[in-house]
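Novice: Chains as they are written, first to last, in the working numbering: chain A, 2 to 303; chain B, 180 to 360; chain C, 2 to 196.
Here it is: the structure, laid out below.
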Amino acid sequence: MEINWSTILGIIFTPIIAFIVGVTYGGLTRVITARVQNRYGPPIFQNLLDIIKLYSKESNINHGVMQHLGPVFAITASVTTLFFVPVIKDSTVFTNFSFHGDLIFLLYIMVFGSLGMALGAGQTGNPNSAIGVSRGLSQLVGYEVPFVMALVAIMIQFQTTNLNDLLAVQDHFTKWIIFQSPFAFLAAILAFLGMMGYAPFDVVIAPAEIASGPPSEFGGKYLGLMLTSRSIFTFAKLVLFTDIFLGGASDFITLLIKTFILYMIPVLTGIVFPRYRTEQSIRFFWSWPLFFGIIAILVVVF
Amino acid sequence: MYNDKEASKIVDIIKNFARKHSLWIVAYGTGCGAIELPPTMTSRYDAERFGIRGSATPRQADVLLITGYLSVKTLKRVIRTYEQMQEPKYVIGFGSCTINGGMYWDSYNTIKALDRYLPVDVYINGCMPRPEAVISGFIKLQELIAQGKADGAKRYQENLEWYRENQRKVIKNWRMPEYNW
Amino acid sequence: MDKDFINENKTIEEIKNTFHSAEAKLQRKNRIIVKLRSDLIPPFLSYAKNYLSFDHLAHFSCVDWIEDNQFELVYILYSYEKNIIAIVKTRIDREKAEFVTVKHLWRQAETFEREFHEMYGINFTGNNRLTEFILEDWDDIPPMRRDFDTMQYSKENFYTRPGREDAQDVREVITKKSGEKIPDFAKEFSVRKLK
């Protein structure tokens, strides 16, 4: 059997790079929030320190097997999502496992992390966790619909579900899908706000109301795993959106610039806005984003 | 060759560095001291510069701030909160009420010396301490952590009998669950 | 404005006509004081609420008159219609501290009564919620009674950190500085005397 060394290299390095970039973006978010609030803010590597501290906790209480598995499911989903997204266009190392039909597969695997978290949080028996999980899953139903609409519109338009084919279509910046199918982009980016979980869609982890929701009973390394997973997942989602709408990136500098611009959309929205209740956020997702999604499909079909 | 002792020393330094710069507080908010925390955390004094951040639940937290007098009824809850926290954990006594009773020195329902009931790492003096004093207390705690001297949780486990005896003396009807922290 | 306090005087007049034993007098603008026998309190409060439009029980407090061996209960009522505060005072026996509830007139009285039951040991008949309220596991005499020595209790139950013995009395320091004398009524509250 032939060993594909470049794939192995990619498998090893992609999550590490994703973690570093995701953590740095998390730290940047805190700095930017602080500057907006007229504060100096923490150092940019603050999130990394937090994660190291959480891993170095000496006691880690758990309430059962599922609480072990919940964060593991979450990180599995994040890393798997990352593996099926081509990080760098036309690169042999960072293409990883993108194969035919991967958009539909990604739609499934992106939900898996939330479900794993829900199972883990359910084991803890904390009422705040249960409330947070129910809010989170309701909101998931909310933003998945416009997101799927947007992806379906793109699939119909280009007659493919393969991300590499989509990347091949966008060989010049005038042909980026953001320009070819703007309504799909609008629907997807509004769903993206909900996916990232910043305000106004942060009712899931509302710290003052339900004590940080699902992870309220998680401490130490479990919380550390969750934060790691969150960092990787953030990067994976950003790369996915860059690949679909912004024509991917052929080197790391371009990738960082594009993902950073995309990332600033939910972050800056989050700083400005207060919080939606669950039913308000679902109502929001099922009004304008859904409308844009339907328009996108109609434009493609007719 | 690879030296086991030296390697663990280096790991300890990294761990202590991370612990020192990432203090999550579960602000229990007893007494009047809780009002000093909003200015400490917000833009005037900005404690987030030092990695100090609020956390929602005791499971996620590192530092327990006792912000003021502790009535017997509250002490019960504070002990439960403290025992739910994950090690290493630190306690900061805040204001003169936690040190010697302060202005509640003759009250029938407040304890007068916090370190008889919980292992205190740092006391911050004042009634109430201003945010500068709070931040200087946190920096003192950071120094202790860097030197590996902030071992309140270890002391609590080693002298558990003594602490329990004191707690039971005050809390007459002891109906507390046992935690395997 | 009416300098003759027409509204207030009219209310006082009405009270005096209905309850002959009531001592009602004007304290100042918008404020009247009514002193009553304790057995007249339930009918009087009911009358005040239904006929004099004192709809609101603004406050309810208790005073320990240990010298007279009595508790004084103070109901503070407010009338939105007349804009008058009525302070209704009554005294009950301290040894056998028992009174009737007024929770059927104002529901918030139930909570006040719970508090008095815990802090003063007054038993309100008709109130079936006189359970443990603020203090937990209290086994001494009720702490707000004046014969309860809070200093003594604190010394017996809580560890006192040494180092406060040389604490100075503020009153003494100030009088010494300005060369004045401590007035007689203040002397008994001095720290030195307690020691």
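Cβ atoms here follow ideal geometry from the backbone N, Cα and C, with glycine treated the same way.
#1: Closer than 7 Å, Cβ to Cβ, to anything on chain B: give me those residues from the region 124-155 of chain A, in chain order.
#2: Which bits of chain B does P208 (chain A) rub up against, with CB to CB less than 7 Å?
#3: Specify, as a first and last residue, the run of the alpha helix (DSSP H) that R172 (chain C) falls within.
#4: Would the beta-carbon of E99 (chain C) fall within 9 Å of that of F117 (chain C)?
#5: Please classify P44 (chain C): is it buried, with 16 or more other beta-carbons within 10 angstroms of its beta-carbon, or exposed?
#6: Can you tell which of B:K188, B:D183, B:K184 and B:N195 has the C-alpha that lies nearest to the C-alpha of D330 (chain B)?
#7: Any contact of the region 143-161 of chain A with the region 292-300 of chain A, i.e. 3+ C-beta pairs under 8 Å?
#8: Between the region 205-224 of chain A and the region 4-12 of chain A, do at least 3 Cβ pairs fall closer than 8 Å?
#9: Can you check whether the CB of G195 (chain A) is closer than 9 Å to the CB of S130 (chain A)?
#10: Under 9 Å between beta-carbons, which chain B residues line up against M120 (chain C)? List them in chain order, please.
#11: Near F273 (chain B), what residues of its chain come up, given a Cβ to Cβ distance below 7 Å and the 5 sequence neighbours on each side ignored?
#12: Ignoring anything shorter than 3 residues or poking outside the region 283-317 of chain B, list the beta strand (DSSP E) runs there in chain order.
#13: For the candidate residues B:C276, B:D241 and B:T277, whose alpha-carbon lies nearest to that of T260 (chain B)?
#14: Once DSSP output is grouped into helix, strand and coil, what is the label at D330 (chain B)?
#15: Could you check if F285 (chain A) is buried or exposed, using at least 16 other CB atoms within 10 Å of its CB as the buried criterion?
#16: Rounded to whole angstroms, what is the Cα-Cα separation between W360 (chain B) and I62 (chain A)?
#17: Do you know whose CA, among B:A292, B:A226 and B:I231, lies nearest Y342 (chain B)'s CA?
#18: Measure from the C-beta of F137 (chain C) to each C-beta in chain B and report whether the shortest distance is under 9 Å.
#19: Would I33 (chain C) be called buried (16 or more neighbouring beta carbons within 10 Å of its own) or exposed?
#20: Are any of the Cβ atoms in chain B nearer than 9 Å to that of I53 (chain A)?
#21: What is the residue span of the beta strand (DSSP E) that I342 (chain B) lies within?
#22: Going straight from the alpha carbon of I233 (chain A) to that of I53 (chain A), what length do you get?
#23: Is the Cβ-Cβ distance between T77 (chain A) and F46 (chain A) less than 9 Å?
#24: My guess is that E145 (chain A) and P267 (chain B) are in contact by the Cβ rule of under 8 Å, so how many angstroms apart are they, rounded?
#25: So that I know if they touch, is there some Cβ in chain A lying closer than 9 Å to that of G230 (chain B)?
#26: Determine the contact status of I88 (chain C) and Q28 (chain C), defining contact as a CB-CB distance below 9 Å.
#27: Find the residues of chain B that neighbour G220 (chain A), judging by a C-beta separation of less than 7 Å, and give them in chain order.
#28: Where do the ends of the alpha helix (DSSP H) carrying T126 (chain C) lie?
#29: Is R162 (chain C) close to chain B, meaning its C-beta is less than 9 Å from at least one C-beta of that chain?
#30: Which chain B residues are close to D140 (chain C), counting only those with a beta carbon under 7 Å from its beta carbon?
#31: Is the CB-CB distance between L58 (chain C) and Q109 (chain C) below 9 Å?
#32: Report the partner residues of S250 (chain B) according to the DSSP bridge assignment.
#33: At a Cβ threshold of 9 Å, is D330 (chain B) touching chain A?
#34: Closer than 8 Å is the cut-off here; do at least three beta carbon pairs connect the region 76-84 of chain C with the region 16-27 of chain C?
#35: Do you know whose CA, among C:Y52, C:D94, C:D56 and C:K83, lies nearest F72 (chain C)'s CA?
#36: Assuming F253 (chain A) contacts A189 (chain A) under a Cβ cut-off of 8 Å, what Cβ separation, rounded to an integer in Å, is found between them?
Specialist: Result, derived from the coordinates:
#1: none
#2: Looking up residue 208 (chain A) in the first sequence gives position 207. What P208 (chain A) touches in chain B: A235.
#3: The sequence position of residue 172 (chain C) within the third sequence is 171, counting from 1. Looking at the DSSP string, the run of the alpha helix (DSSP H) that includes R172 (chain C) is V171 to S179.
#4: Working through the third sequence from its first residue, we reach residue 99 (chain C) at position 98. Working through the third sequence from its first residue, we reach residue 117 (chain C) at position 116. Not closer than 9 Å, so no.
#5: Against the third sequence, residue 44 (chain C) aligns to sequence position 43. Exposed.
#6: Counting from 1 along the second sequence, the entry for residue 330 (chain B) is found at position 151. Nearest C-alpha to D330 (chain B): B:N195.
#7: yes
#8: no
#9: Here residue 130 (chain A) refers to the residue found at position 129 when the first sequence is read from its first residue. Here residue 195 (chain A) refers to the residue found at position 194 when the first sequence is read from its first residue. No, Cβ-Cβ distance for S130 (chain A) and G195 (chain A) is not below 9 Å.
#10: Position 119 of the third sequence holds residue 120 (chain C). Going along chain B, no residue has its Cβ under 9 Å from M120 (chain C), so there is no contact; the nearest lies around 11 Å.
#11: Within the second sequence, residue 273 (chain B) is the residue found at index 94, counting from 1. So the list reads G212, L244, I245, T246, G247, I303 and P308, once near-sequence residues are dropped.
#12: Entirely contained in the region 283-317 of chain B, the beta strand (DSSP E) runs reaching 3 residues are, in chain order, 301-303.
#13: Within the second sequence, the letter at position 81 stands for residue 260 (chain B). It is B:D241 whose Cα lies nearest to the Cα of T260 (chain B).
#14: Here residue 330 (chain B) is taken as the residue at index 151 of the second sequence, counted from 1. Coil, per DSSP.
#15: Locating residue 285 (chain A) in the first sequence gives position 284, where the first residue counts as 1. Label assigned to F285 (chain A): buried.
#16: As a first step, residue 360 (chain B) must be located in the second sequence, where it is residue number 181. As a first step, residue 62 (chain A) must be located in the first sequence, where it is residue number 61. Any reading at W360 (chain B) needs caution, since the residue's pLDDT is 49, under 50, leaving its predicted position unreliable; the model's value is listed next. Each residue's Cα considered, the two are about 7 Å apart.
#17: Working through the second sequence from its first residue, we reach residue 342 (chain B) at position 163. Nearest option by C-alpha distance: B:A292.
#18: Taking the first residue of the third sequence as position 1, residue 137 (chain C) is located at position 136. Looking at the sequence itself, residue 137 (chain C) is Glu, so the reference to Phe does not match. With 9 Å as the cut-off, E137 (chain C) counts as an interface residue toward chain B.
#19: Numbered from 1 along the third sequence, position 32 holds the residue referred to as residue 33 (chain C). So I33 (chain C) counts as buried.
#20: For the purposes of this step, residue 53 (chain A) is taken as residue 52 along the first sequence, with counting starting at 1. At least one chain B Cβ lies under 9 Å of I53 (chain A).
#21: Working through the second sequence from its first residue, we reach residue 342 (chain B) at position 163. Sequence inspection shows Tyr at residue 342 (chain B); the Ile mentioned does not correspond to that position. Y342 (chain B) -> not in any beta strand (DSSP E); alpha helix (DSSP H) instead, spanning L339 to V349.
#22: Position 232 of the first sequence holds residue 233 (chain A). Position 52 of the first sequence holds residue 53 (chain A). C-alpha separation (whole angstroms): 15 Å.
#23: Translated into the one-based positions of the first sequence, residue 77 (chain A) becomes position 76. Translated into the one-based positions of the first sequence, residue 46 (chain A) becomes position 45. Contact flag unset, no.
#24: Taking the first sequence and counting its residues from 1, the one referred to as residue 145 (chain A) is at position 144. Taking the second sequence and counting its residues from 1, the one referred to as residue 267 (chain B) is at position 88. Actually they do not touch by this definition, with Cβ atoms about 41 Å apart.
#25: Counted from its first residue, the second sequence places residue 230 (chain B) at position 51. For G230 (chain B), the answer is yes, since a Cβ of chain A falls inside 9 Å of its Cβ.
#26: Here residue 88 (chain C) corresponds to residue number 87 of the third sequence, with the count starting at 1. Here residue 28 (chain C) corresponds to residue number 27 of the third sequence, with the count starting at 1. It is a contact, given that the beta carbons lie within the stated cut-off.
#27: On the first sequence, position 219 is the one that residue 220 (chain A) refers to. Those are R238, Q239 and Q265, listed as they occur along chain B.
#28: In the third sequence, residue 126 (chain C) corresponds to position 125, counting from 1. Unbroken run through T126 (chain C) is the beta strand (DSSP E), N124 to T126; no alpha helix (DSSP H).
#29: Taking the third sequence and counting its residues from 1, one reaches residue 162 (chain C) at position 161. For R162 (chain C), the answer is yes, since a Cβ of chain B falls inside 9 Å of its Cβ.
#30: Against the third sequence, residue 140 (chain C) aligns to sequence position 139. Within 7 Å Cβ-Cβ: K351.
#31: Within the third sequence, residue 58 (chain C) is the residue found at index 57, counting from 1. Within the third sequence, residue 109 (chain C) is the residue found at index 108, counting from 1. For L58 (chain C) and Q109 (chain C), yes; Cβs fall inside 9 Å.
#32: Against the second sequence, residue 250 (chain B) aligns to sequence position 71. Under DSSP, S250 (chain B) takes part in a beta bridge, and its partners are B:T289.
#33: Counting from 1 along the second sequence, the entry for residue 330 (chain B) is found at position 151. No, its Cβ sits nowhere closer than 9 Å to a Cβ of chain A.
#34: no
#35: For this step, residue 72 (chain C) is matched to residue 71 along the third sequence. Ranking the options by Cα distance to F72 (chain C), first place goes to C:D94.
#36: Position 252 of the first sequence, counted from the first residue, corresponds to residue 253 (chain A). Position 188 of the first sequence, counted from the first residue, corresponds to residue 189 (chain A). F253 (chain A) to A189 (chain A), Cβ: 24 Å. No contact.
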